[in-house]
Amino acid sequence: MLSILAAGSVFFPGLFLLSKQCLKRLPGLRWSEGDAVTVSARLVSSIQAVMASSAGYIISTSCDDIIEDQHWLTSSYILFAVPYFVYDIYAMFLCYWHKLQVKGHEVDNGPKSKSVVLTSYLRREFLMVLHHVVMVTVCFPISVFWRQGKGDYFQGVMFLAELSTPSVCLGKILIQYKQQHTLLHKVNGALMLITFFICRVLLFPYLYYVYGRYASIPFYLVPLAVPWQCNAGALFLMAPQLYWFSLICRGALRLFTGRSSCPRPPASSCPDARGPFPSPRPANGYSSQVAALTTPTNLGH
Numbered sequence: 001m002l003s004i005l006a007a008g009s010v011f012f013p014g015l016f017l018l019s020k021q022c023l024k025r026l027p028g029l030r031w032s033e034g035d036a037v038t039v040s041a042r043l044v045s046s047i048q049a050v051m052a053s054s055a056g057y058i059i060s061t062s063c064d065d066i067i068e069d070q071h072w073l074t075s076s077y078i079l080f081a082v083p084y085f086v087y088d089i090y091a092m093f094l095c096y097w098h099k100l101q102v103k104g105h106e107v108d109n110g111p112k113s114k115s116v117v118l119t120s121y122l123r124r125e126f127l128m129v130l131h132h133v134v135m136v137t138v139c140f141p142i143s144v145f146w147r148q149g150k151g152d153y154f155q156g157v158m159f160l161a162e163l164s165t166p167s168v169c170l171g172k173i174l175i176q177y178k179q180q181h182t183l184l185h186k187v188n189g190a191l192m193l194i195t196f197f198i199c200r201v202l203l204f205p206y207l208y209y210v211y212g213r214y215a216s217i218p219f220y221l222v223p224l225a226v227p228w229q230c231n232a233g234a235l236f237l238m239a240p241q242l243y244w245f246s247l248i249c250r251g252a253l254r255l256f257t258g259r260s261s262c263p264r265p266p267a268s269s270c271p272d273a274r275g276p277f278p279s280p281r282p283a284n285g286y287s288s289q290v291a292a293l294t295t296p297t298n299l300g301h
């Protein structure tokens, strides 16, 4: 167990540093520190998403009995991926830091300035940071210990939620390089909308439906048949997905209709009409004020 945790603790930060150095040094690229940091962070998120989705597919297709069947990859990948969430909190902060510098809000290296930026980052990214913290402190022990080896199928299906992440990361990169007008951006935005809806919004209703078939009970009675902890966990994990999906829908409306979703607002309160992302944007691409075609990276959450 400790060896798998250690492997994840080395892999994700190491991959980030390696990709950042390559982007800064490769002939023809030689990107700035800020560009290399943001693109590398999104590259690592995409790789983690591919790994999690692959693990989820293997697990879910290998379990005939959705409750009793086990697969060694379930707990192993959870242990391996837990350090990712700790790393990603720091990576998002680095992205936020460099975005402030790019926008002309340079800050000195004094401890006071860093504390101000950190406070601003935590305030703007509160939901995302909270999400990551819960993944490590709550979902990790539940998935590894509380389940007692049951329900690997459900855990595998939840890994498949990561299928929406690569399109999110590509969308952020396209925005970073002002490619909102391209066909690729629109196709990617449509793919993001579809994958997020299927893999994150429909995820929990599907799991309830599958259990209802397994237990031979109607779908609407499943919440009454499972432990209350399962219902509470599903509600807690689904709530932010619904919120983020609403932002994606608003962003998609602006992307494909070319008009803002704000009916005659003051100029300072209306989302930026240049694309489906707000400006300025928080480090993870979400905004509580406007619709953004982005989504978190997570492990079955």
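Residue numbers (full-length UniProt numbering): 1 to 301. All C-beta atoms in this analysis are idealised placements derived from N, C-alpha and C, irrespective of residue type, glycine included.
Tell me where the alpha helix (DSSP H) around residue i begins and ends.
i    : result
E33  : 33 to 62
C22  : 2 to 25
W244 : 228 to 257
G149 : Element bounds for G149: n/a, residue is neither H nor E.
V134 : 126 to 134
A225 : 222 to 225
Count the other CB atoms, across all protein chains shown, that sit within 10 Å of the CB of residue i; report buried if there are 16 or more and exposed otherwise.
i    : result
A273 : Low local confidence applies: a pLDDT of 31 at A273 is under 50, so the model's placement there is unreliable, and no value is given.
Q48  : buried
Q241 : buried
G251 : buried
L170 : buried
V222 : buried
S268 : Only weak support is given to the placement of S268: the predicted model assigns it a pLDDT of 35, under 50, and the value that follows is read from those uncertain coordinates. Label assigned to S268: exposed.
N298 : At N298, the pLDDT of 40 sits below 50, so the modelled position is not reliable and the matter cannot be decided from this model.
K172 : buried
S216 : exposed
Y77  : buried
DSSP three-state call for residue i: helix, strand or coil?
i    : result
S216 : coil
G28  : coil
P181 : Residue identity differs from the one stated: residue 181 is His in this sequence, not Pro. In the structure shown, H181 sits in coil (DSSP, three-state: anything other than H, G, I, E or B).
K186 : helix
G171 : helix
Q70  : coil
D88  : helix
L202 : coil
Below 7 Å CB to CB, which residues in the same chain sit around residue i once its five sequence neighbours on both sides are set aside?
i    : result
C199 : L160, A161, L163, S164
I89  : V129, H132
T74  : I59, D152, Q155, G156
L17  : none
Q101 : G34
C95  : V37, T38, A41, A283
S167 : N188, L191, M192, T195
G14  : none
A234 : F204
V210 : I66
L184 : L174
Once the 5 residues before and after residue i are set aside, which same chain residues still bring their CB inside 8 Å of it?
i    : result
E68  : K150
V136 : V82, F85, V86
W31  : L23, K24, V39
P141 : none
F80  : I4, L5, A7, G8, F11
R147 : Q155
K186 : L255, F256
Which same chain residues end up closer than 6 Å to residue i when comparing Cβ atoms and leaving out the 5 residues on each side of it in sequence?
i    : result
H98  : G34, V37
S19  : S40, L43
C63  : D69, D152, Y153
L207 : F154
G56  : G156, F159, L160
S120 : none
Would you say the beta carbon of residue i comes nearer than 6 Å to a heavy atom of the ligand ZN?
i   : result
Y57 : The ligand ZN is absent from the structure shown, which contains no ligands of any kind.
Determine, using beta carbons only, whether residue i comes closer than 7 Å to chain C.
i    : result
L202 : Protein chains in the displayed structure number just one, and chain C is not present.
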